[in-house]
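Okay, structure first, notes after.
Residue numbers (full-length UniProt numbering): 1 to 181.
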């Protein structure tokens with residue numbers, strides 16, 4: 001870090017590696033940009049030169065945004081951290097948001113399974129809830145029949161003029177909204 005030609009650093013995509021490199025770059029007063037999804041405690045004074053972006057893949061996020069817009073959903077929550085403490089806090093705060101549409105963005109499939117299991121135990125996988133996932137969990141060992149409202153959004157979605165899509169949309173629109181929403 002003694003090279004005077006370093007103007008900035010692009011950080012790693014994992015929280016632990018980003019924390020480690022941010023501690024060094026901040027000491028040297030070198031700005032670091034990182035797409036690490038959720039850094040617990042990283043906004044304190046020890047990492048004043050660290051700023052975050054959201055790591056996403058454009059096609060799946062575009063498909064999710066298009067689906068949300070088409071369904072007319074105005075309020076939703078996004079869980080986008082690989083940090084277990086922050087995931088648990090997000091689930092604990094879910095009732096406070098009033099959102100019943102949840103976009104789950106994590107980089108590790110085992111964490112998606114863990115979050116979904118916790119959400120189910122907290123009653124967040126019942127009627128009136130929708131969980132959108134950019135990662136396909138259909139090959140996992142989860143019993144999906146007990147998970148209500150789970151949708152996998154693929155970046156391959158282009159459903160224009162698709163009869164199956166039109167049927168799904170009509171079915172969705174005709175579903176009664178639970179009274180407690």
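Glycine residues also receive a C-beta, built at the ideal position from the N, C-alpha and C atoms.
What did DSSP end up calling residue 40 once you bin it into helix, strand or coil?
-> Taking the chain shown and counting its residues from 1, one reaches residue 40 at position 40. Bear in mind that a pLDDT of 44 at residue 40, under 50, signals an unreliable position, so the model cannot answer this.
Can you have a look at residue 110 and say buried or exposed, based on whether 16 or more other CB atoms are within 10 angstroms of its CB?
-> Here the question's residue 110 lines up with position 110 in the chain shown. Label assigned to residue 110: exposed.
Do you know whose CA, among 170, 114 and 71, lies nearest residue 140's CA?
-> Looking up residue 140 in the chain shown gives position 140. Among 170, 114 and 71, the Cα nearest to that of residue 140 belongs to 114.
Residue 66 versus residue 72: straight-line alpha-carbon distance, rounded = Walking along the chain shown from the start, residue 66 turns up at place 66. Walking along the chain shown from the start, residue 72 turns up at place 72. Distance between the alpha carbons of residue 66 and residue 72: 10 angstroms.
Take residue 130 as the anchor and find which of 99, 122 and 144 has the nearest alpha-carbon.
-> The sequence position of residue 130 within the chain shown is 130, counting from 1. Taking each of 99, 122 and 144 in turn and checking the Cα distance to residue 130, the smallest one comes out for 99.
Beta-bridge partners of residue 151, as assigned by DSSP | Residue numbering aside, residue 151 sits at position 151 when the chain shown is read from its first letter. According to DSSP, which records beta bridges pairwise, residue 151 is partnered with 132.
Figure out for me which residue from 23, 20, 30 and 26 has the closest Cα to the Cα of residue 7.
-> Stepping through the chain shown from its first residue, residue 7 is reached at position 7. For residue 7, the nearest C-alpha among the options comes from 30.
How many Å lie between residue 26 and residue 87 at the Cα?
-> Here the question's residue 26 lines up with position 26 in the chain shown. Here the question's residue 87 lines up with position 87 in the chain shown. For residue 26 and residue 87, the distance between alpha carbons rounds to 26 angstroms.
What's the gap between the Cα of residue 119 and the Cα of residue 176?
-> Mapped onto the chain shown, residue 119 falls at position 119. Mapped onto the chain shown, residue 176 falls at position 176. Cα atoms of residue 119 and residue 176: separation of roughly 22 angstroms, rounded to the nearest angstrom.
Classify residue 171 as buried or exposed, calling it buried when 16 or more other Cβ atoms lie within 10 Å of its own Cβ.
-> Locating residue 171 in the chain shown gives position 171, where the first residue counts as 1. By the neighbour-count rule (16 or more Cβ atoms within 10 Å), residue 171 is not buried but exposed.
Alpha carbon of residue 102 to alpha carbon of residue 28, nearest angstrom = Translated into the one-based positions of the chain shown, residue 102 becomes position 102. Translated into the one-based positions of the chain shown, residue 28 becomes position 28. Rounded to the nearest angstrom, the two C-alpha atoms are 39 angstroms apart.
What distance in whole Å lies between the Cβ atoms of residue 108 and residue 148, which are believed to be in contact at a cut-off of 8 angstroms?
-> In the chain shown, residue 148 corresponds to position 148, counting from 1. In the chain shown, residue 108 corresponds to position 108, counting from 1. Actually they are not in contact, since the Cβ atoms of residue 148 and residue 108 sit about 24 angstroms apart, beyond 8 angstroms.
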